[in-house]
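I have placed the structure first, in the form of structure tokens, so that the comments after it can refer back to it.
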Amino acid sequence: MAVEQTLILLKPDTLQRGLIGPVIARLEARGLQMVGLKMLKLDKAKCDEHYAHLVGKSFYPGLVSFMTSSPIVALVVSGPEAVKVVRDMCGPTNARNAMPGTIRGDYSLSTQYNVIHASDSLETAQKEVARFFKKDELFVWERTLDKLTAAADEKK
Ligand code: IDP
Ligand code: MG
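Next up, the structure:
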């Protein structure tokens, strides 16, 4: 079971609706580890690069104006099979088809305003992580708090 990193974008609708915290809480509660976390504003060039597979679609101009309308939050999370795990947590693109319990299924009724982007394959994840994060913005860290707590609390 491979430990993977995947890229997540919390879209402008998530910021506007005050749902950044609840969405991140779900990722953390699932056991995924935060490796990178920042707020940024997408520009058209970056949007064209990120959504290259959609340039030319009739909805694309609307998607660009949505994605560049407010800041977004970009995250890299890590965990066992994280790419598939996070995609499954998101649910399908059209949130009306997403099951309750998924992020899109619980927070959206829209195809476009669907709260979250997540990389769709390991290969895409590697490209997308590098698109949004420099190496020194990624932190690979150990869950040491349990060990530290046990050691600290032993001292009377
Ligand atoms: P994904 O986000 O589930 O991977 P993609 O097909 O890669 O879906 O599309 C990227 C984003 O473009 C979607 O999350 C959604 O915001 C938007 N989008 C995709 N299809 C449509 C559409 O038919 N109408 C409006 N927006 C769309
Ligand atoms: Mg996609």
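Just so you know, we're using the working numbering here: the sequence shown kicks off at 97 and counts up by one.
Built from N, CA and C at the ideal position, the CB exists for glycine as well.
- Contact between the segment 217-234 and the segment 132-139 is present, with at least three C-beta pairs closer than 8 angstroms.
- At least one heavy atom of ligand 2 lies less than 6 angstroms from the C-beta of Asp216.
- Beta-bridge analysis with DSSP links Thr102 to Val173.
- In this structure, the C-beta of Phe155 approaches ligand 1 to less than 6 angstroms from one of its heavy atoms.
- Assignment of Lys142 by DSSP, reduced to helix, strand and coil, places it in the helix class.
- Proximity of the beta carbon of Thr189 to ligand 1 is indicated: a heavy atom of the ligand is located closer than 6 angstroms.
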